[in-house]
DNA sequence: TTGTACGCGTTATCAG
DNA sequence: CTGATAACGCGTACAA
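Residue numbers (my numbering), protein chains in the order written: chain A, 1 to 338; chain B, 339 to 676.
Below, the structure is given as structure tokens:
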């Protein structure tokens, strides 16, 4: 099946003994083209499987109808779920989506940003890597008039940018309040890496829920970990090391980490294990398979976060919102009781 | 920050009072350009943040250095894991990757294929949707000389194409053999949707392991389900409905389904529950949190499947392998004991 | 060593 | 109703 000559407009035109412009117009259903001519052209195009070259169109139109997404990790369900929200809306408005993962590395993120810039995406949605402190690779986009929406992960506080974020404060507040209503007074908080700045918001939600409900706060009930299992165990050991302040409940910043914690407590046969009630962020589908599941989960609605991000981005692309009129959208969490 | 004039080669040339071609050559480090000129051009390009327009280059070079990936679902860890293998290798050879999900719908898959075709990807890696029977949308690629590698999911038997598949036969064989070695004689097989054709391979692996080890086969020990929990429960009820043929072990085609099965058996307090040993395909990371985990998992090495797919695709792109010299690569599974 | 001219595939303008 | 022509941004033979 030789294919020396790609099927282009010119090729069709030669076959049909017409001009390239007529062929183009016929295919695009211009009203000024004779019906019979249209038929001929369109049939020939179909038979020869003519496929318009998007690069040529992009070049001409000076836009690509492509949205770029950069996210840290496709193995994290939060992000894959968020994509669904983006995709659906983008498609609906005639945009395609390029998904790429930074693996939480700054260098990789920069590389991906450059590639998307060269591809002249019409907009970028990004959840920054945990290493990202410098934003030059992203400023470039705005410098070229390409809108960027930061989502899921909050960049440094004083950065002027468009953001769509989960309401971490409210999520942690809900969780803590729920546990208080279940008569817990010693509620521990297990936080995440401090450089991920939603850690603070969640902590504040926890603190405020305590305060608003008249439960006293105790630093012995707070510990931090990262995504490393051993560090989580250390943190848990810490939390449970004060006999006069033994936690009866636990709020954790992320579910898999919570699972590690539960597993550990169970493994050491913690005396009050069966009374301890836990809540984590995530609402992982696997919870239904656990024998000692968390009492509830903070559902972060990542699809909705993605949807809000793409909606905002499309408004920016269509200039319904000024590029430098920075928006901040918060998506509320929901408490799901198991 | 106005940006009326996009920074193009022409723009740079005017600024520098040189010709466009000189600028182009300088940026591409042509040996025929004076060192001093190069310096000037490159500095100016950097200062003005010149970013080459990929559409223009694609048009000129008649290729995009982009690989398209279509897969059914980003929520399935098998597929997201497989992407890692593809990405790494593609990047290394200067290719970028466009990931898109068909949501296991034929129409969506067709739509995505068309868009990738228009984008003139240099190659396509696809795990077909479960609805895909017709392959015209994929033939188009080969018709235009663009190689396609089918991976993870096996298209209909008599389709001539390049394939990279998990060795499902071997995986099921390993699992069954392992259970036999642990003295099981009544090993049930829980298969998946019949239209997903690896179901047959796995069943054959099961059968052959039985035969090779002198264990008799019994149809009462075989049932099929899909991804619906209720159907799984029905299948399990079926398997355990013959008192004279009660399974003591179970091989399941996919882990989440196996978890449903285990959960059900536990919920009804099946008398010999604690003796039953199970193995499923997947090796899900959450297994470590289960109280009654499968005794082992069939690790399908999706990263390796992805890696083999991209390697093959690159060979096809580089014409190291003829487009119509169809290849079939099998990636072995590994048994992981928990 | 640098510049000129052309073409990649498409669409839009304007003339016929 | 149809066709010639220019332009989008870039790379490269060929000319100077």
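All residues carry an ideal CB built from backbone N, CA and C; glycine is no exception.
Keep in mind it's a predicted model, so treat the numbers as computed, not measured.
Same chain, Cβ closer than 6 angstroms to residue 174/A, neighbours up to 5 away in sequence not counted: Mapped onto the first chain, residue 174/A falls at position 174. The residues are 335.
Using 9 angstroms as the threshold, is the C-beta distance between residue 101/A and residue 128/A below it? Indexing the first chain from 1 puts residue 101/A at position 101. Indexing the first chain from 1 puts residue 128/A at position 128. No, the Cβ-Cβ distance between residue 101/A and residue 128/A is not below 9 angstroms.
Given a threshold of 16 other Cβ atoms within 10 Å of its Cβ, counted over all protein chains shown, does residue 2/A qualify as buried or as exposed? Along the first chain, read from residue 1 onward, the residue named residue 2/A stands at position 2. Low local confidence applies: a pLDDT of 47 at residue 2/A is under 50, so the model's placement there is unreliable, and no value is given.
Rounded separation between residue 15/A and residue 618/B - CA only: Along the first chain, read from residue 1 onward, the residue named residue 15/A stands at position 15. Along the second chain, read from residue 1 onward, the residue named residue 618/B stands at position 280. Straight-line Cα distance between these residues: approximately 57 angstroms.
Could you give the residue range of the alpha helix (DSSP H) that holds residue 86/A? Taking the first chain and counting its residues from 1, the one referred to as residue 86/A is at position 86. Segment 77 to 92, the alpha helix (DSSP H) holding residue 86/A.
Could you check the C-alpha separation between residue 559/B and residue 524/B for me, to the nearest Å? Residue 559/B sits at position 221 when you count from the first residue of the second chain. Residue 524/B sits at position 186 when you count from the first residue of the second chain. Computed Cα separation, rounded: 7 angstroms.
Note down, one range per segment and in chain order, each beta strand (DSSP E) of at least 3 residues found wholly within the stretch 425 to 510 of chain B. 434 to 439, 461 to 464, 486 to 489, 500 to 504
Is the stretch 114 to 122 of chain A close to the stretch 384 to 391 of chain B, with three or more CB pairs under 8 angstroms? As far as the Cβ criterion goes, the stretch 114 to 122 of chain A touches the stretch 384 to 391 of chain B, which means the pair count is three or higher.
Might you give, ordered along the chain, the residues of its own chain that have their beta carbon closer than 6 angstroms to the beta carbon of residue 141/A, omitting 5 neighbours on each side? For this step, residue 141/A is matched to residue 141 along the first chain. Cβ neighbours of residue 141/A beyond the five flanking positions: 124, 148.
Can you give me the C-alpha to C-alpha distance between residue 315/A and residue 82/A, rounded to a whole angstrom? Along the first chain, read from residue 1 onward, the residue named residue 315/A stands at position 315. Along the first chain, read from residue 1 onward, the residue named residue 82/A stands at position 82. The straight-line gap from Cα to Cα measures roughly 19 angstroms.
Check whether residue 49/A and residue 7/A have beta carbons under 9 angstroms apart: For the purposes of this step, residue 49/A is identified with residue 49 of the first chain, where counting begins at 1. For the purposes of this step, residue 7/A is identified with residue 7 of the first chain, where counting begins at 1. Their beta carbons are under 9 angstroms apart, which means residue 49/A touches residue 7/A by this criterion.
Taking buried to mean at least 16 other C-beta atoms within 10 Å of its own C-beta, is residue 271/A buried or exposed? If you number the first chain from 1, residue 271/A lands on position 271. Flag for residue 271/A reads exposed.
Nearest neighbour of residue 350/A, chosen from 93/A, 163/A, 159/A [CA to CA]: This structure gives no information on residue 350/A, because the portion of chain A shown stretches from 1 to 338.
Touching or not, the stretch 21 to 40 of chain A and the stretch 355 to 367 of chain B, by the rule of three or more beta carbon pairs under 8 angstroms? No, the stretch 21 to 40 of chain A does not touch the stretch 355 to 367 of chain B.
Counting Cβ pairs, one atom from each stretch, are 3 or more of them under 8 angstroms apart for the stretch 398 to 413 of chain B and the stretch 626 to 642 of chain B? no
With DSSP run on the structure shown, which of helix, strand or coil describes residue 281/A? As a first step, residue 281/A is located in the first chain; it is residue number 281 there, counting from the start. Looking at residue 281/A - three-state DSSP - the assignment turns out to be strand.
Ordered list of beta strand (DSSP E) runs contained in the stretch 521 to 547 of chain B, each at least 3 residues: Listed in chain order, they are 525 to 529.
Delimiting residues of the beta strand (DSSP E) encompassing residue 625/B: Against the second chain, residue 625/B aligns to sequence position 287. Per DSSP, residue 625/B belongs to no beta strand (DSSP E) and is neither H nor E.
Report yes or no: is there a C-beta of chain B within less than 9 angstroms of the C-beta of residue 284/A? Counting from one through the first chain, the residue named residue 284/A turns up at place 284. Output row for residue 284/A: interface = yes.
Please report the straight-line C-alpha distance between residue 666/B and residue 646/B, rounded to a whole angstrom. Mapped onto the second chain, residue 666/B falls at position 328. Mapped onto the second chain, residue 646/B falls at position 308. About 10 angstroms.
Inter-stretch contact (C-beta, 8 angstroms, three-pair minimum) for the stretch 200 to 211 of chain A and the stretch 167 to 183 of chain A: yes
Can you tell which of 213/A, 64/A, 105/A, 155/A has its C-alpha closest to the C-alpha of residue 146/A? As a working note, residue 146/A is residue 146 in the first chain. Selected option, being the one with the closest Cα: 64/A.
Looking at the secondary structure, which residues open and close the alpha helix (DSSP H) in which residue 650/B lies? The residue given as residue 650/B occupies position 312 in the second chain. 640 to 655 is the extent of the alpha helix (DSSP H) around residue 650/B.
Please name the residues in the stretch 47 to 61 of chain A whose beta-carbon is closer than 7 angstroms to at least one beta-carbon of chain B, in chain order. 49, 51, 52, 53, 54, 55, 56, 58, 59
Is residue 138/A near residue 176/A, with beta carbons less than 9 angstroms apart? Position 138 of the first chain holds residue 138/A. Position 176 of the first chain holds residue 176/A. No, these two residues do not count as a Cβ contact at 9 angstroms.
Starting from the Cα of residue 150/A, find the closest Cα among 333/A, 318/A, 310/A, 337/A and give me that residue. Counted from its first residue, the first chain places residue 150/A at position 150. Ranking 333/A, 318/A, 310/A, 337/A by Cα distance to residue 150/A puts 310/A first.
Straight-line Cα distance separating residue 132/A from residue 374/B: In the second chain, counting from the first residue as 1, residue 374/B sits at position 36. In the first chain, counting from the first residue as 1, residue 132/A sits at position 132. One C-alpha to the other measures close to 35 angstroms.
Give, in chain order, every residue of the stretch 119 to 146 of chain A whose Cβ lies closer than 9 angstroms to some Cβ of chain B. 119, 120, 140, 142, 143, 144, 145
Span of the beta strand (DSSP E) around residue 687/B: What the structure shows of chain B is the stretch from 339 to 676, and residue 687/B is not part of that stretch, so it cannot be assessed.
Please state whether DSSP places residue 1/A in a helix, a strand or coil. Stepping through the first chain from its first residue, residue 1/A is reached at position 1. In this predicted model, residue 1/A has a pLDDT of only 46, less than 50, meaning its place in the structure is not dependable; the value taken from the coordinates is given anyway. Three-state result, residue 1/A: coil.
What does residue 289/A reach in chain B if we use C-beta pairs closer than 7 angstroms? Locating residue 289/A in the first chain gives position 289, where the first residue counts as 1. Against residue 289/A, the close residues of chain B are 597, 601, 628, in the order they occur along the chain (beta-carbon pairs closer than 7 angstroms).
Chain B contact residues for residue 99/A, given Cβ-Cβ distances below 7 angstroms: Residue numbering aside, residue 99/A sits at position 99 when the first chain is read from its first letter. Here the neighbours are 437.
Report yes if the CB atom of residue 598/B is closer than 9 angstroms to the CB atom of residue 572/B, and no otherwise. In the second chain, residue 598/B corresponds to position 260, counting from 1. In the second chain, residue 572/B corresponds to position 234, counting from 1. No, they are not a contact pair.
Please work out which residues of its chain come closer than 6 angstroms, Cβ to Cβ, to residue 602/B, disregarding the five sequence neighbours upstream and downstream, and give them in chain order. The sequence position of residue 602/B within the second chain is 264, counting from 1. These residues qualify, in order along the chain: 571, 574.
Pairwise C-alpha distance: residue 417/B and residue 348/A: Because chain A here runs from 1 to 338, residue 348/A falls outside it and cannot be looked at.
Cutting at 6 angstroms between CB atoms, please list the residues of its own chain near residue 590/B, excluding the five before and the five after it. The residue labelled residue 590/B in the question sits at position 252 within the second chain. If we look at residue 590/B and ignore the five residues flanking it on each side, its Cβ neighbours are 528, 596, 618.
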